[in-house]
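Below you'll find the structure, written out as C-alpha cells, and then a few comments.
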Amino acid sequence: MKTTRSRLAVAAAATALAFGLTACGGAGGAAGNADSTNVDPEGEIKAREISWLLSRPADGGVITAMEQIADEYAKDHPGFALNLITTPDRPSYIQKYQTLAAANKLPELFDTDATPYAQKLAKQGRMMDAEALLTSLDLYDDYRPAALNYQRFDDGSLYMVPFEFQLEFFWYNKALFQQAGVEIPTTLDEIPAMCTQLREAGITPIALDGQDQWPLERYMAYHPFRTAGPDFVQDLKKGDAKLSDTDGVAAVEWMSQLGSSGCFQEGFSSTGYSDAQNLFTSGKAAVYNIGTWELGSLATDALDAGVRDDIDYFTLPVTAGSATAANEFVSPSGIGMAVNAETFDPLVRDFLGFALERYPEVYAATGALSPTTNVETTIPANATPLYERAVQQANDVGETTAMPWDTQLDPTSNTRLQQELTLLVQGEVTADEFISTMDAVIAQNGPAAFK
Amino acid sequence: MLPNRSRLSVLIFLVPPLLLYAVAVLLPILQSLFLSFFQWDGVTDMQFVGLGNYVYLLTGDTVFWTAFLNTLGYLVICLILQLGGALLVASLLTMLRRGRELVKTLYLLPAVISTVAIAFLFQRIYSLEPAGLLNRALELIGLGGLQTAWLSDVSTVLAAVSIPEGWRFTGLYMLIIYAALLAVPQELEEAAKLDGASWWQTFWRIKFPHIRPVWITTTIIATTYALRGFDIPYLLTNGGPGQASELLTTYMYKTAFTSTDYGYASTIAVFVVIECLVAVGLILLLLRRKADA
C-alpha cells in the first residue's frame, strides 16, 4: 500500500514537472523592445564585446576584412571586441539563426537573406531599418543601387546591409567549343542545341553542382526573368502568377529540354560543389555557371595551366523580345547583415559607422568587388586578363537583378521546387506534371506566407 | 522479499534516473504532442488548429506517404543487413578456431567511425564522375554497362542510402548474437548431432530457440534505430532526387527547420513515436507467440 502511494507520488511529480516545463517552452517569440527606426540612440558609447552570427567562409574576404577593422576599432575603444560566429553551410546556418530568433537570443548582428521569414522579423521591429541607418551614417549613396536592391524586401524596404557584390557568369572553355563547333549562345533557347552538339562531340556540356540544389534553381529563374522580367517570381510566389501561364510553361519546357539534351553531367544531382568545379577546370565540361566569388580559382594562375588560356565567360543570354536587358542578370550582393534592434545602442552604431566606412577599401584590396562604388578593386598580381575584365563588367551592370528563386519563394514551396526540378531535368516527371504539382504546392503555401 | 527500508532505498536510487528520463525523453514527447495541435513558425503567435495537422498529414500530404513508404523500405534493408548479416557472421564466427577477436574487432569497426565520415566515404564509393569504387569495380569485372550514379538514380537511391546504415551496425548486433550463441549448451547440440540432426535442424531446433530472447531484443533495437534513421540519408542525398530517399525523419527535419512549421513537424514526430511503439508491439506479438507455440 505504502509503495503504491509513493509510486503514485513520483509519477505525479514527474507529470507536473513535465507540464510545468511545457508551459515555459510554449512562450517565446516576443518582439524586440527598442525602436527599430531610432538609428541614432542617445547615450554614452560603452565598449563591450558584440557578436555577429554569420554565414560566410571562415577564411573569406569579408571575415578577414572585418577582423582587421574590429582590431583597429578596439585600439581606440579598449574593451571592444567583435566575436564572429560563422556557419558557412547555409541550411545549418538558417536552422541556427531561426532557432535563436525563436528563443529571442539573436546577437547584435546576424546574417539573413531577404526571405519571408526575415520579413516577419522586420515587421515585428526586431531589425533596424538599414536604409535609415546608412543614410544617418552618410553612407547610403556610396552603395551600388543593384547591391542594395538585392537586399530589399518586396515592399522596397531595406533591413540588411550588403558586404559583397558578385556577378554570375557562364564560364566556358573556348577550346572545347571549337572542338564541337559551337558558338556562344545568343539566346537562352539556343542552349539546348548547344548541349546536343557538345554531347555529340563527346563533351559534357555544363558542369552542375546538383547536390546544393540552388545552382539548378538558378536555371529555373533565367527564362522567366528574360521573357517576363523580375515581376514574374514576385507574382508567382504569392499565387498571383502560375507556372501554367505562358511564361511559366515556356520556362518549364526550357528546363525539360536542358534535361533531354543532356546539358548536365550524368548523376548531377549527387555531384557536390568542388566536384562540379573540377569537371570544368579539368577541361571535361564546356560550361560552368558561377559567380565572381570564384575569380580567384578561375581567373588567376591557380587555374590549371592546361585550360588557363581557354577559359572565357559570357553573361546570361537573352530571349527573343526579352523584357530585361543583356546587362541585367544575377548580380547578388550575398547574404546581408541585419542589425538586431533590441541590442542596438550607441556602441553598435558607432562601430558600424566606423566599420562600414572603412570596409570598402580593406575589402577591395583583397581583389573582391565592393558593394560600394567609391573604391577600385585591386587586381591580384597572379590574375589572368579575364580578372580585370570581370571586375570592369561590374560597372556596366544594370539595376534590375535576376533574383535567385531560393530567396524569393516561401521555404516549403522552395524545397519542393528544388526536388521537382531535379526530377524534371532527369526526365522522371513531365513538364505538365511538374507544372501541376508546383502550382498546387505554391497555391497552398505561397499566399499564406506573404500575407 | 526485501525489507521495507531497503525497498525505499531502492526507490530513492531509482528516482533520479527516472526523473532524468522524464525530462529528457517523456517531456519532449509531451511537448511535441502539445505543439502538434498548433501552427507555429517560432516568431509569430501560436495558432491553435486542433486536429488540423493530423487531418492534413493523413489525408492531404503526398510527400508524407512517400516518406513513410521509403522509411519502410529503409527499415527492411537495414534489418536484413543488420540482423541477417549479424546472425550469419556470428554463426560463422562460432565455427572459427582462431582469430575470432580480430574478426570481431574488424566487424565492429564501422560502428565506432563517425557518421559524417561514413557518409563521405559512401559518397565517394557511389560516385560516377569521378568514378568511385563501386563503378570502378563494375568496370573491372566487365559489368561496365551497370555503372550508374547510384545516388542520383531514383530506382537505386533508397537502397544506396540504406546500405551504409545497415553495414555500419552489423558488427554491433553480431557481437550480441555471438554472445548468445556461445551460451547455447554444447551437450544439447552434441546430443542432437548424435541423433542425426542436420546442421539446419540443429540451428533451427536447438540454437535459435535458445537465443530467441536475445533475438527479440536485438530486433527491437534495430527496428527502432532504423525507424529513426536520419543522418546518413540526410548527409548523402538530403532526401533526393525528388523524394526518392526522403524518410519521415528527414521530412520532419525539413518541415521544422527549413519551412519553420514547428507544429506540423511535431505532428510528424508524434507519428514517428506511434510508429515505433506499433513496431515494437508487432515484434513482441509475432516473436513471443512463436515462442509459446
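As given, the protein sequences belong to chains A and B, one line each in that order. So the first sequence is numbered by the numbering used here: it starts at 4 and just counts up by one. So the second sequence is numbered by the numbering used here: it starts at 761 and just counts up by one. Idealized CB from N, CA, C, for every residue including glycine.
In terms of beta-carbon proximity, A:P94 lines the interface with chain B, with at least one pair separated by less than 8 Å.
When DSSP states are grouped into helix, strand and coil, B:W800 belongs to the coil group. Three or more beta-carbon pairs separated by less than 8 Å link the region 1006-1013 of chain B to the region 810-829 of chain B, which places the two stretches in contact. The C-alpha of B:L778 lies about 15 Å from the C-alpha of B:P788.
Sequence-distant Cβ neighbours of A:T115 in its own chain, meaning closer than 6 Å and more than five residues away, are A121 and A341. With respect to A:G262, A:L420 sits apart: the two C-beta atoms are not nearer than 8 Å.
Of all residues in the region 390-422 of chain A, only P414, T415, T418 and Q422 come within less than 7 Å of chain B when Cβ atoms are compared, listed by chain position.
Taking every protein chain shown into account, the CB of A:P60 has fewer than 16 other CB atoms within 10 angstroms, so this residue is exposed. Under the Cβ distance rule, A:G339 does not count among the residues neighbouring chain B, no pair being separated by less than 8 Å.
With fewer than three CB-CB distances shorter than 8 Å, the region 88-95 of chain A does not count as touching the region 122-142 of chain A. Listed in chain order, the positions of the region 863-897 of chain B with a beta carbon within less than 8 Å of a beta carbon of chain A are Q883, Y886, S887, L888, E889 and P890. Judged by DSSP secondary structure, A:Y120 falls within the alpha helix (DSSP H) whose first and last residues are P119 to K126. Beta-bridge partners assigned by DSSP to B:L918: none are found. Residues are counted here when their Cβ sits less than 9 Å from a Cβ of chain B; for the region 262-285 of chain A these are Q268, E269, G270, F271, S272, S273, T274, G275, D278, N281 and L282, given in chain order. In the three-state scheme derived from DSSP, where H, G and I count as helix and E and B as strand, A:S95 is classed as helix. A direct Cα-to-Cα measurement between B:A1016 and B:V785 gives close to 19 Å.
For B:Q842, the closest of B:L906, B:T983, B:S887 and B:G820 by C-alpha to C-alpha distance is B:T983. For B:G1000, at least one C-beta of chain A is nearer than 8 Å to its own C-beta. Residue environment analysis places A:F83 among the buried positions, since at least 16 neighbouring C-beta atoms fall within 10 angstroms of its C-beta. Contact between A:L191 and A:P320 is confirmed by a C-beta separation of about 5 Å, below the 8 Å threshold. Cβ-Cβ distances below 6 Å link A:R155 to L161 in the same chain, with the five nearest sequence neighbours on each side left out; the list follows chain order. Of the candidates A:D238, A:P363, A:L355 and A:G232, A:D238 places its Cα closest to the Cα of A:D158. Classified as exposed, A:S285 has fewer than 16 neighbouring CB atoms from the shown chains inside 10 Å of its CB.
Residue pairing by DSSP places A:V252 in no beta bridge whatsoever. According to the DSSP assignment, A:V428 belongs to the alpha helix (DSSP H) that extends over P414 to V428. Chain B has no Cβ within less than 8 Å of the Cβ of A:T89.
When the alpha-carbon of B:L817 is set against those of B:V876, B:Y1024, B:I1034 and B:M806, the nearest one is in B:Y1024. Residue pairing by DSSP puts A:I88 in a beta bridge opposite A:L56. Minimum Cα-Cα distance from A:E379 among the listed residues A:L282, A:G370 and A:I206 corresponds to A:G370. Interface criterion met: the Cβ of A:K123 is under 8 Å from a Cβ in chain B. Taking 8 Å as the upper bound for CB-CB distance, A:L109 and A:N343 are in contact here, some 5 Å apart. When DSSP reads this structure, B:Q807 sits in a beta bridge with B:Q799. Scanning its chain for C-beta atoms nearer than 7 Å, with the 5 sequence neighbours on each side dropped, one finds around B:S912 the residues P1001, in chain order.
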